Ligand code: GFB
């Protein structure tokens, strides 16, 4: 989802020589394959969007895979980027790197100030290691490598598998299927009270190209931070999200909560003052982003 959105954004801004690889072409967990790829292609700029990702249940169930694969992917890419003199590298993570009970909104400075949330601790630890790789390759080798942390994302090419997806695509699918199958209710996990912030993936792609063009590693590290937040600066409860998706999909039944499923972090609202002050702001409002994503889902999956 993220890689293809960044690709679309680069193409729309007339960038050329864009190299992309999917998993079947290059397994980023294999060190020698990654080394060979860098030697052959010799990229000038690297954007690390590749990662093992998933929703709250996938993070909790596949804990070993989430920490192992993400550590391997980022270590292999960042070290090869250093060895091949890459001019700029942007590493992407997630808002779950911040402590579970950090003050809100989440400022960049709150990294490593307290304990992480249990369900996504393996993923968060791997992503924090990626941030620290970039920081320390800058400190020791002067590499122009830095990290950007998007909030929860959604949009075209999202994962709609109900066991592994994030909440927003899961609810689009659940409400749509409930409507076409004339079901009376839709089951939403947890209590509905946690708050989340959602960013449309094409807005994220625009932010990444903005950072690519305007920001360098030293700007962050000299300001005393190691990663820059990307978000909308607005959140809502899972209950409010469910009501909005129910409206967009025209589902007329009831919403039921399954409190046997985890809530995860109570709230993770990004403080986006820094990126806003640099001159970037998210454009897409949540309702129209959900409408576009639902339309894409219908074209892709609905007969
Ligand atoms: O999006 P989500 O899976 O991940 O869940 P996180 C967000 C909230 O939505 C949780 C609730 O409180 C879920 O219990 N929820 C309600 C649902 N219904 C559903 C449903 O049908 N499916 C899903 N998936 N959730 C992930 C992290 O956390 O967010 C990752 O685990 C990463 O590491 C990612 O940071 C962005 O927002 O809780």
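Residue numbers (my numbering): 275 to 577. Backbone N, C-alpha and C fix where the C-beta goes; we use that ideal spot for every residue, glycine too. For clarity, every value in this text was computed on a predicted model and none was experimentally measured.
query	result
Looking at residue 382 and residue 551, is the spacing between their C-beta atoms short of 8 Å?	no
State buried or exposed for residue 487, treating a residue as buried only when at least 16 other CB atoms are found within 10 Å of its CB.	exposed
Measuring only the C-alpha atoms, how far is residue 349 from residue 457?	47 Å
Could you give the uninterrupted runs of the beta strand (DSSP E) lying entirely in the stretch 276-307, keeping only those of 3 residues or more?	none
Specify the secondary structure class of residue 398 as computed by DSSP and reduced to three states.	helix
Who are the near neighbours of residue 543 in its chain, counting only those whose CB is closer than 6 Å to its CB and skipping five residues on each side?	378, 379, 471 and 509
Any idea what DSSP makes of residue 500, helix, strand or coil?	coil
Assign residue 524 to buried or exposed, taking buried as 16 or more other Cβ atoms, counted over all protein chains shown, within 10 Å of its Cβ.	exposed
Is the beta carbon of residue 277 within less than 7 Å of some heavy atom of the ligand GFB?	no
If contact is defined by three or more beta carbon pairs under 8 Å, each pair taking one atom from either stretch, is the stretch 434-446 in contact with the stretch 483-501?	no
Just checking my contact of residue 365 with residue 421 at CB under 8 Å: how many whole Å lie between their CB atoms?	4 Å
In whole angstroms, what separates the C-alpha of residue 345 from that of residue 404?	7 Å
Go through its chain and collect everything with a Cβ distance to residue 409's Cβ below 6 Å, but skip five positions before and after it.	500
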